Amino acid sequence: PAVLHALKHVVGEAGPWRGGRLLLNLNQKDGFDCPGCAWPDPSHRSMHEYCENGAKAVAEEGTKERVTPEFFREWSVARLAEQSDLWLGKAGRLTHPMVLREGATHYEPLSWDDAFALVAEELNALGSPDEAAFYTSGRTSNEAAFLYQLFVREFGTNNLPDCSNMCHESSGTGLSETIGIGKGSVTLEDFDHAQAIFVIGQNPGTNHPRMLTALQAAARRGCEIVSINPLPEAGLNRFKHPQEVLHLMGPGTALNKLFLQVRINGDVALLQGLGKALLEREAKAPGTVVDQAFIEGRTAGFDAYRAHLDAVSWDDVVTESGVSREQVEEAADILARSERTIFCWAMGLTQHRNAVGNVQEIVNLTLLRGSIGKAGAGVCPVRGHSNVQGDRTMGIWEHPKPEFVDALEREFGFSPPRHTGLDTVATIKAMHDGRVKVFFAMGGNFLSATPDTEFTAEGLRRTRLTVHVSTKLNRAHLVHGKRALILPCLGRTEHDVQATGRQFVTVEDSMGMVHASRGAVTPASEHLLSEPAIVARLAHAVLGARSKVPWLSLVADYDRVREHISRCIPGFEDFNRRVHAPGGFALPNGPRQGVFPTPDGKAHFTVHAMPRLRLEPGQLLMMTLRSHDQYNTTVYGLDDRYRGIHQGRRVVFLHPEDVKARGLTAGQKVDLTSHFQGETRVAREFVVVPYNIPRTCAATYFPEANVLVPVDSHAEKSRTPTSKSVVITVAASPA
16 PAVLHALKHV VGEAGPWRGG RLLLNLNQKD GFDCPGCAWP DPSHRSMHEY CENGAKAVAE
76 EGTKERVTPE FFREWSVARL AEQSDLWLGK AGRLTHPMVL REGATHYEPL SWDDAFALVA
136 EELNALGSPD EAAFYTSGRT SNEAAFLYQL FVREFGTNNL PDCSNMCHES SGTGLSETIG
196 IGKGSVTLED FDHAQAIFVI GQNPGTNHPR MLTALQAAAR RGCEIVSINP LPEAGLNRFK
256 HPQEVLHLMG PGTALNKLFL QVRINGDVAL LQGLGKALLE REAKAPGTVV DQAFIEGRTA
316 GFDAYRAHLD AVSWDDVVTE SGVSREQVEE AADILARSER TIFCWAMGLT QHRNAVGNVQ
376 EIVNLTLLRG SIGKAGAGVC PVRGHSNVQG DRTMGIWEHP KPEFVDALER EFGFSPPRHT
436 GLDTVATIKA MHDGRVKVFF AMGGNFLSAT PDTEFTAEGL RRTRLTVHVS TKLNRAHLVH
496 GKRALILPCL GRTEHDVQAT GRQFVTVEDS MGMVHASRGA VTPASEHLLS EPAIVARLAH
556 AVLGARSKVP WLSLVADYDR VREHISRCIP GFEDFNRRVH APGGFALPNG PRQGVFPTPD
616 GKAHFTVHAM PRLRLEPGQL LMMTLRSHDQ YNTTVYGLDD RYRGIHQGRR VVFLHPEDVK
676 ARGLTAGQKV DLTSHFQGET RVAREFVVVP YNIPRTCAAT YFPEANVLVP VDSHAEKSRT
736 PTSKSVVITV AASPA
């Protein structure tokens with residue numbers, strides 16, 4: 016089915032010739048990087064190095080359909096707003112810069128020069144640079160991201176919210192505090208040596224399908240895989256590799272050795288239970304379970320961690336996690352006998368109030384076993400967007416490190432701002448309060464990706480100007496400031512030709528590998544500009560003679576951008592030569608070698624109180640998730656075949672007993688109401704789906720349920736919205 020669905024999308028949208036060319040160049044060493052997830056590419060690649068969702072992403076970008084000025088003359092903003100997200104995405108590729116003038120009902124075309132002049136007019140009229148915010152999607156290349164943050168900082172602000180604020184910010188915060196770097200410590204090759212792999216709060220079958228190939232190879236050689244998640248996911252149960260034709264008729268490879276069905280946000284309790292079980296085994300047989308030499312030589316804080324777990328009761332572990340002690344002990348047995356363990360996780364851990372604690376409890380287990388800094392072991396946050404990690408490396412961050420700011424000042428001869436800027440949540444509130452008057456988005460679908468949809472929409476409407484650099488039409492274009500611009504850009508699949516000839520860009524995957532990406536097909540429109548070109552021309556228009564940066568010269572040849580990167584960002588020395596190596600190069604990663612760049616040079620155990628959420632009668636704890644027919648906010652179709660959902664997205668998954676206890680029936684329409692600090696938010700007409708999910712838990716798809724996520728409910732320290740911890744009640748929809 017995955018093969019058939021992929022071909023249906025690619026041939027149906029891009030056509031057989033263009034679609035076939037795109038697929039054959041996808042994730043190849045001389046081709047382009049998948050615009051979907053950030054899972055790394057293997058050293059030895061097949062001709063078909065992509066998954067179903069990667070093929071769908073390429074089909075979306077390579078579509079034959081076009082959104083032209085004639086389209087916008089026919090469709091008013093009001094009529095477009097009545098259409099579904101699926102309809103908007105299927106309308107096609109944007110072809111011309113478009114403007115929505117104050118009081119107008121329709122977008123109309125304008126020239127690129129006029130578009131940049133309009134943005135320059137608004138930005139230069141602000142009372143302070145901090146009255147503008149510049150959002151970034153994780154699909155932006157390294158070169159575009161570096162130029163973008165450079166322009167924003169020369170303009171005078173650090174207001175650089177990005178998609179990482181909403182997904183893996185908790186991972187970066189938790190890892191930086193404990194191991195000294197906000198990235199994972201493993202490479203793809205480590206999966207060939209691991210004896211155990213724990214996959215926590217993650218659904219690789221839908222979100223990172225190529226990961227299943229690595230898990231399949233690991234399982235076949237005897238590696239024990241433990242998955243921990245509130246919902247059982249088909250891809251972690253059994254996997255049939257689409258390229259193994261002789262195995263397609265069989266049962267597939269069993270992946271899970273053990274599945275622990277944890278309650279939503281019961282992860283701290285479960286992970287502390289695992290730590291407690293390991294310490295109890297160590298007490299019975301000293302020197303056999305805990306890596307004492309590693310702990311004494313390379314870590315700090317172990318005594319406090321051990322004392323905390325001694326005081327944790329097994330009753331609390333079982334009650335708060337929803338997992339039996341027997342299953343926790345079984346998982347601890349796997350962990351105890353594995354000398355090389357990889358811990359993987361995704362947003363199931365990072366979008367709770369205690370999300371940083373979730374990540375740091377994983378680090379505690381890693382340090383307890385000494386499972387970091389050696390082959391086949393370490394921590395592996397699996398990022399979503401294809402360059403979200405690279406964007407942060409390039410300086411897309413509201414709180415830049417002083418040494419990075421110093422490097423920019425030396426390299427470009429201006430004084431960048433050093434105060435902390437606005438993250439995503441702060442930007443939403445600042446627009447709502449009137450403190451941010453211009454909102455500029457480099458990619459993405461800000462409205463649909465963010466929490467508290469109605470609140471965010473009202474904030475966007477209060478701005479003077481909203482600008483979106485985009486390839487496709489989306490909901491964010493229809494909720495706008497007094498004036499609005501849509502700036503159409505090249506996709507990653509397309510040829511990028513500048514003054515000196517064909518260009519390539521680079522990206523960084525989830526495991527710190529940097530490699531080139533070269534478009535393979537003719538652009539969808541002759542009027543498209545690349546993201547680096549848009550940034551350079553915008554900076555030239557806004558900053559004018561007050562900038563010392565040769566913006567237009569830089570974008571004429573991306574090698575010139577990479578030369579500046581090589582002098583500003585550690586690990587990118589000799590960038591232009593090294594990126595031409597097949598497969599790219601690895602960035603420095605101290606923890607990968609067992610070296611921890613923390614202030615004291617040691618990795619740190621941490622202590623966290625066990626979360627104890629107490630629901631009122633009738634309340635449920637809801638998490639948002641993706642269907643199999645979407646990638647982030649992009650909806651490819653209305654089916655989630657791995658969960659048995661067809662032709663619909665407004666569904667709520669509930670335990671059958673919770674359905675019965677509320678007097679509801681399967682297929683009934685219900686309204687969902689979220690509850691936070693005396694406030695309520697309502698999402699109407701969701702269909703009840705009885706499902707294998709823990710009691711008092713619920714699951715819904717985003718972005719449809721984002722309206723229920725309060726803007727003020729976010730993770731401690733990282734400020735990531737708590738999209739996986741929303742307290743709701745369910746009631747039958749009015750007839």
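Heads up: take any position in the sequence shown, counting from 1, add 15, and you land on the numbering used here.
Just so you know, even glycine gets a beta-carbon here, dropped at the ideal spot from N, CA and C.
All values derive from a computational prediction rather than experimental measurement.
query = Would Val167 pass as a contact of Phe149 if the rule is Cβ separation under 7 Å?
reply = By one-based count along the sequence shown, residue 167 stands at place 152. By one-based count along the sequence shown, residue 149 stands at place 134. Contact: yes.
task = Answer yes or no: do Val374 and Ser525 have a C-beta to C-beta separation smaller than 7 Å?
result = Within the sequence shown, residue 374 is the residue found at index 359, counting from 1. Within the sequence shown, residue 525 is the residue found at index 510, counting from 1. At a Cβ-Cβ threshold of 7 Å, Val374 and Ser525 do not count as neighbours.
inquiry  = Tell me which residue opens and which closes the beta strand (DSSP E) that Trp360 is part of.
reply    = Counting from 1 along the sequence shown, the entry for residue 360 is found at position 345. Where Trp360 is concerned, the enclosing beta strand (DSSP E) starts and stops at Thr356 to Trp360.
message = Using only the alpha-carbon positions, how far apart do Met457 and Gly534 sit?
response = Taking the sequence shown and counting its residues from 1, one reaches residue 457 at position 442. Taking the sequence shown and counting its residues from 1, one reaches residue 534 at position 519. Using only the alpha carbons, I get a separation of about 19 Å.
task = Can you tell me which of Ala140, His208 and Asn222 puts its alpha carbon nearest to the alpha carbon of Pro50?
result = Taking the sequence shown and counting its residues from 1, the one referred to as residue 50 is at position 35. Among Ala140, His208 and Asn222, the Cα nearest to that of Pro50 is on Asn222.
ask   = What residue from Val536, Ile580 and Ala720 has the CA that sits closest to Glu700's CA?
value = To locate residue 700, count along the sequence shown from 1; it is residue 685. Among Val536, Ile580 and Ala720, the Cα nearest to that of Glu700 belongs to Ala720.
request  = Could you check how far apart the C-beta atoms of Thr515 and Ala531 are, in whole angstroms? I think they sit under 8 Å.
outcome  = Stepping through the sequence shown from its first residue, residue 515 is reached at position 500. Stepping through the sequence shown from its first residue, residue 531 is reached at position 516. Contact flag wrong, Cβ pair sits at about 16 Å.
message = Here's a check: name, in chain order, each residue in its chain whose Cβ is nearer than 7 Å to the Cβ of Cys66, leaving out the five neighbours to either side.
response = Numbered from 1 along the sequence shown, position 51 holds the residue referred to as residue 66. Closer than 7 Å at Cβ, skipping near neighbours: Pro224 and Arg225.
ask   = Any idea what DSSP makes of Asn271, helix, strand or coil?
value = Position 256 of the sequence shown, counted from the start, is the residue given in the question as residue 271. Looking at Asn271 - three-state DSSP - the assignment turns out to be strand.
ask   = Using CA coordinates, which residue listed in Lys23, Tyr706, Ile580 and Cys178 is at the minimum distance from Asp438?
value = For the purposes of this step, residue 438 is taken as residue 423 along the sequence shown, with counting starting at 1. The shortest Cα separation from Asp438 among Lys23, Tyr706, Ile580 and Cys178 belongs to Cys178.
ask   = Exposed or buried, which one is Asn180 when buried takes at least 16 other CB atoms within 10 Å?
value = Position 165 of the sequence shown, counting from 1, holds the residue named residue 180. Asn180 is classed as buried because its beta carbon has at least 16 other beta carbons within 10 Å across all chains shown.
query = Does DSSP put Thr537 in a helix, a strand or coil?
reply = If you number the sequence shown from 1, residue 537 lands on position 522. In this structure, Thr537 counts as coil in the three-state DSSP scheme.
task = Please name the residue in Glu80, Pro709 and Asn271 whose C-alpha comes closest to that of Val277.
result = For the purposes of this step, residue 277 is taken as residue 262 along the sequence shown, with counting starting at 1. Comparing alpha carbon positions, the residue from Glu80, Pro709 and Asn271 closest to Val277 is Pro709.
request  = Compare the beta carbon distance of Ala319 and Val622 with 7 Å and say whether it is the shorter of the two.
outcome  = Position 304 of the sequence shown holds residue 319. Position 607 of the sequence shown holds residue 622. Yes, these two residues count as a Cβ contact at 7 Å.
inquiry  = Contact between the segment 324 to 343 and the segment 280 to 298 is defined here as three or more beta-carbon pairs at a separation below 8 Å; is this criterion met?
reply    = Between the segment 324 to 343 and the segment 280 to 298 there are three or more C-beta pairs closer than 8 Å, enough to call the two in contact.
Ala70 vs Ala29 beta-carbon contact at 7 Å = What you label residue 70 is simply residue 55 of the sequence shown in a count that begins at 1. What you label residue 29 is simply residue 14 of the sequence shown in a count that begins at 1. Not a contact, by the Cβ cut-off of 7 Å.
ask   = In chain order, which continuous runs of the beta strand (DSSP E) of length 3 or greater are located wholly inside the segment 50 to 127?
value = Along the length of the segment 50 to 127, whole beta strand (DSSP E) runs at least 3 residues long occupy 113 to 115, reported in chain order.
query = Of the choices Pro84, Gly388 and Gln210, whose alpha-carbon is the least far from that of Asp348?
reply = For the purposes of this step, residue 348 is taken as the residue at position 333 of the sequence shown. It is Gln210 whose Cα lies nearest to the Cα of Asp348.
query = Between which two residues does the alpha helix (DSSP H) containing Ala698 stretch?
reply = For this step, residue 698 is matched to residue 683 along the sequence shown. Premise fails: Ala698 lies in the beta strand (DSSP E), Glu694 to Pro705, not in any alpha helix (DSSP H).
inquiry  = Run through the DSSP bridge pairs and tell me what Leu41 is partnered with.
reply    = Working through the sequence shown from its first residue, we reach residue 41 at position 26. Bridge partners of Leu41: Phe47.
inquiry  = Taking 8 Å as the limit between beta carbons, can you name the residues of its chain near Glu469, skipping five residues before and five after?
reply    = Locating residue 469 in the sequence shown gives position 454, where the first residue counts as 1. By the criterion of a C-beta distance shorter than 8 Å, Glu469 is surrounded in its chain by Arg696 and Val722, once the five residues flanking it on both sides are discounted.
inquiry  = Three Cβ pairs or more, each shorter than 8 Å: is that satisfied between the segment 195 to 215 and the segment 350 to 357?
reply    = The segment 195 to 215, when compared against the segment 350 to 357, does touch it at the 8 Å Cβ threshold.
task = Compute the beta-carbon to beta-carbon distance between Arg607 and Gly393, rounded to the nearest angstrom, for a pair I have assumed lies under 8 Å.
result = Taking the first residue of the sequence shown as 1, we reach residue 607 at position 592. Taking the first residue of the sequence shown as 1, we reach residue 393 at position 378. Their Cβ separation, rounded to whole angstroms, is 7 Å, which keeps Arg607 and Gly393 in contact under 8 Å.
query = For Ala747, which option in His111, Pro718 and Ala681 has the closest C-alpha, if you only look at C-alpha atoms?
reply = Sequence index remark: in the sequence shown, residue 747 carries index 732 (1-based). That would be Ala681, whose Cα lies nearest to the Cα of Ala747.
query = Is it right to say Met62 is buried, meaning 16 or more other beta carbons lie within 10 angstroms of its own, or is it exposed?
reply = Within the sequence shown, the letter at position 47 stands for residue 62. Looking at its Cβ environment, which holds fewer than 16 other Cβ atoms inside 10 Å, Met62 is exposed.
message = Please state whether the Cβ-Cβ distance between Gly496 and Thr478 is less than 7 Å.
response = Against the sequence shown, residue 496 aligns to sequence position 481. Against the sequence shown, residue 478 aligns to sequence position 463. Taking C-beta atoms as the reference points, Gly496 and Thr478 count as a pair closer than 7 Å.
key: the segment 228 to 236 contacting the segment 413 to 429, beta-carbon criterion three pairs below 8 Å   = At 8 Å Cβ cutoff, the stretches do not touch.
query = Can you tell which of Val201, Ala624 and His111 has its C-alpha closest to the C-alpha of Cys504?
reply = Here the question's residue 504 lines up with position 489 in the sequence shown. Distances from the alpha-carbon of Cys504 to those of Val201, Ala624 and His111 put His111 closest.
query = What separation, rounded to the nearest whole angstrom, lies between the Cα atoms of Ala119 and Ser463?
reply = In the sequence shown, counting from the first residue as 1, residue 119 sits at position 104. In the sequence shown, counting from the first residue as 1, residue 463 sits at position 448. Rounded to whole angstroms, Ala119 to Ser463 spans 23 Å at the Cα level.
ask   = By Cβ distance, which residues of its chain are closer than 6 Å to Ile279, with the 5 residues on each side in sequence left out?
value = One-based indexing of the sequence shown puts residue 279 at position 264. Once the five neighbours on either side are set aside, the close Cβ partners of Ile279 are Pro245, Leu636, Met638 and Cys712.
Rounded straight-line distance, which links the Cα of Gly107 to that of Asp654 = As a working note, residue 654 is residue 639 in the sequence shown. As a working note, residue 107 is residue 92 in the sequence shown. Cα to Cα, Asp654 sits roughly 20 Å from Gly107.
inquiry  = On a Cα-Cα basis, can you pick out the residue from Arg368, Ala361 and Lys389 that is closest to Ile377?
reply    = In the sequence shown, the residue the question calls residue 377 occupies position 362. In terms of Cα proximity to Ile377, the closest of Arg368, Ala361 and Lys389 is Ala361.
ask   = Should Val25 be labelled buried (16 or more other beta-carbon atoms within 10 Å of its own) or exposed?
value = Taking the sequence shown and counting its residues from 1, the one referred to as residue 25 is at position 10. By the beta-carbon neighbour count (other beta carbons within 10 angstroms, threshold 16), Val25 is buried.
ask   = Are Leu13 and Gly436 close, meaning C-beta to C-beta below 7 Å?
value = Any answer about residue 13 is impossible in this case: the structure gives the chain only from 16 up to 750.
inquiry  = Tell me the residue span of the alpha helix (DSSP H) that contains Ser336.
reply    = What you label residue 336 is simply residue 321 of the sequence shown in a count that begins at 1. Run containing Ser336: Trp329 to Ser336, per the alpha helix (DSSP H) assignment.
inquiry  = Under 8 Å: do the segment 587 to 607 and the segment 195 to 207 share three or more Cβ pairs, one atom per stretch?
reply    = The segment 587 to 607 and the segment 195 to 207 touch, with no fewer than 3 CB-CB distances between them shorter than 8 Å.
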